[in-house]
Amino acid sequence: MRWWVPVVLTLVVVAATYLLQLLLLGAAALVEVGMFGKDPADTSLTPLTYVAKDLSIILLAPLTLVVLARAARVPWRSALRATGQFRWRRLGAYLGLFAVLMVAVNLALQLVHPSPLSLFAVSGTTVALLVMVLLTTPLQAGAEEVVFRGVLTASYASWVRAARPAAVVGIIGSSTLFAVLHTSADPWMIVNYLGLGASTAVMALLGRGLEAPIAFHVMNNVFSMGIGALFADGGGIGQDRGAGSAGPYMLLFLLAEVVAVLLVWWIERRRST
Numbered sequence: 001m002r003w004w005v006p007v008v009l010t011l012v013v014v015a016a017t018y019l020l021q022l023l024l025l026g027a028a029a030l031v032e033v034g035m036f037g038k039d040p041a042d043t044s045l046t047p048l049t050y051v052a053k054d055l056s057i058i059l060l061a062p063l064t065l066v067v068l069a070r071a072a073r074v075p076w077r078s079a080l081r082a083t084g085q086f087r088w089r090r091l092g093a094y095l096g097l098f099a100v101l102m103v104a105v106n107l108a109l110q111l112v113h114p115s116p117l118s119l120f121a122v123s124g125t126t127v128a129l130l131v132m133v134l135l136t137t138p139l140q141a142g143a144e145e146v147v148f149r150g151v152l153t154a155s156y157a158s159w160v161r162a163a164r165p166a167a168v169v170g171i172i173g174s175s176t177l178f179a180v181l182h183t184s185a186d187p188w189m190i191v192n193y194l195g196l197g198a199s200t201a202v203m204a205l206l207g208r209g210l211e212a213p214i215a216f217h218v219m220n221n222v223f224s225m226g227i228g229a230l231f232a233d234g235g236g237i238g239q240d241r242g243a244g245s246a247g248p249y250m251l252l253f254l255l256a257e258v259v260a261v262l263l264v265w266w267i268e269r270r271r272s273t
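According to the working numbering, the sequence shown holds residues 1 to 273 in order.
What follows is the structure, encoded as C-alpha cells:
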C-alpha cells in the first residue's frame, strides 16, 4: 500500500463522519423541531434521531471500502478477513458468548453504579427506541469495525514493514482516531473508547477476521443503548459526553474488554491446534 493511502482514508473517514452526521442528524432535528415541537436544546436521541445517527455511521463502511479498493487497488473483501471470507457461524458463536459477558458486566455495574429506578419507564418512545436498537445498532457497530479495524488498522500498519511494530502502529492509530471521533470530553469515556478500539483491534488480529470484534462491539452497544432507553424516564436516550459524565465505574467495561480479548485468544488457539 502506498504511503499516502492511509492519509486519504483518514481524511475521507473524518470528513464523511462529520458531513453525514450534519446532514442526517440535522434533517432529523428539523423534522422533530418543526413538525413535532421538540425543544431545540434537547439533544436526547429519539427514534428518528437514533436512526439518523446510526445511518450516518453505517454509510461510512461502503464509502470507506470503495475508497480502499480504488486507492490501494485491493479487493474490498480483504478488509473483512485475511482470506476474504466472512465466517457467519463464528460471528453467531461470539455474539452468544459476548452477550453472556455483557449481562455479567451490567449486573456488576448495577452494584457499583446503579441506575436510578425512578428513571425506569416504558413508553411508546421506549419501545420504538428498543426496536431501533435491535435493528440498526448491530449494523452501526459492524460498520465501525469494518472502517476502523478492517480498513484503518491495516492501512496504518502498512507504514511499517516489521510485523509486530506494524501491528502496534495500526492499533494505536485506529484506536486513537476512533476515540477522537466519539468527541467526548470525559477522561473516563476517552479511556474506554481507546480500550474498546484497541481490544477489538487485537481480537481482529487474533481471529484473523472481524467476526469477534463485530460481535463484541454489537453486544456492547446493544446493551448500552437498550439500558439507556429503559432508564430514560420514557423519553429519548441521553448522550452526555461532557467532562464528569462518567467515572471509575467505566473500569468495568475495560475489564470486560480484557476478558473478551483473553476469550478470543483462548478460542482461536484451540481452533488452530
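Heads up, the beta-carbon is just placed ideally off N, CA and C, and yes, glycines get one too. Since the model is a prediction, treat every value here as computed from it, not as a measurement.
Check: Going by other Cβ atoms of all chains shown within 10 Å of its Cβ, with 16 needed for buried, is arginine 271 buried or exposed?; Outcome: exposed
Check: In three-state DSSP terms, what is glycine 195?; Outcome: helix
Check: So what's arginine 271 in DSSP terms, helix, strand or just coil?; Outcome: helix
Check: What are the residues that DSSP puts in a beta bridge with arginine 81?; Outcome: Gly209
Check: Would you kindly work out how many angstroms separate the C-alpha atoms of valine 180 and serine 158, rounded to a whole number?; Outcome: 21 Å
Check: Could you check the C-alpha separation between glutamate 144 and valine 218 for me, to the nearest Å?; Outcome: 10 Å
Check: State the Cα-Cα distance for the pair leucine 101 and tyrosine 156, rounded to the nearest angstrom.; Outcome: 31 Å
Check: Please report the Cβ distance between tryptophan 265 and leucine 206, rounded to the nearest whole angstrom; I am assuming they are in contact, meaning their Cβ atoms lie under 8 Å.; Outcome: 5 Å
Check: Going by beta-carbon coordinates alone, are glycine 142 and serine 175 separated by less than 8 Å?; Outcome: no
Check: Starting from the Cα of glycine 5, find the closest Cα among Arg73, Ile58, Ala28, Gly37 and give me that residue.; Outcome: A small fix is needed here, since residue 5 is valine in this sequence, not glycine. Checked all of Arg73, Ile58, Ala28, Gly37; the closest Cα to valine 5 is Arg73.
Check: What is the rounded straight-line gap between the Cα of alanine 104 and the Cα of methionine 189?; Outcome: 20 Å
Check: Taking a contact to mean a Cβ-Cβ separation below 8 Å, would you say lysine 53 touches leucine 59 in this structure?; Outcome: no
Check: Is leucine 111 helix, strand or coil when you go by DSSP?; Outcome: helix
Check: Which residues in the same chain as valine 112 place their Cβ atom closer than 6 Å to its Cβ, once the five residues preceding and following it in sequence are excluded?; Outcome: Tyr249
Check: With three or more C-beta pairs closer than 8 Å as the rule, is the region 220-235 touching the region 114-133?; Outcome: yes
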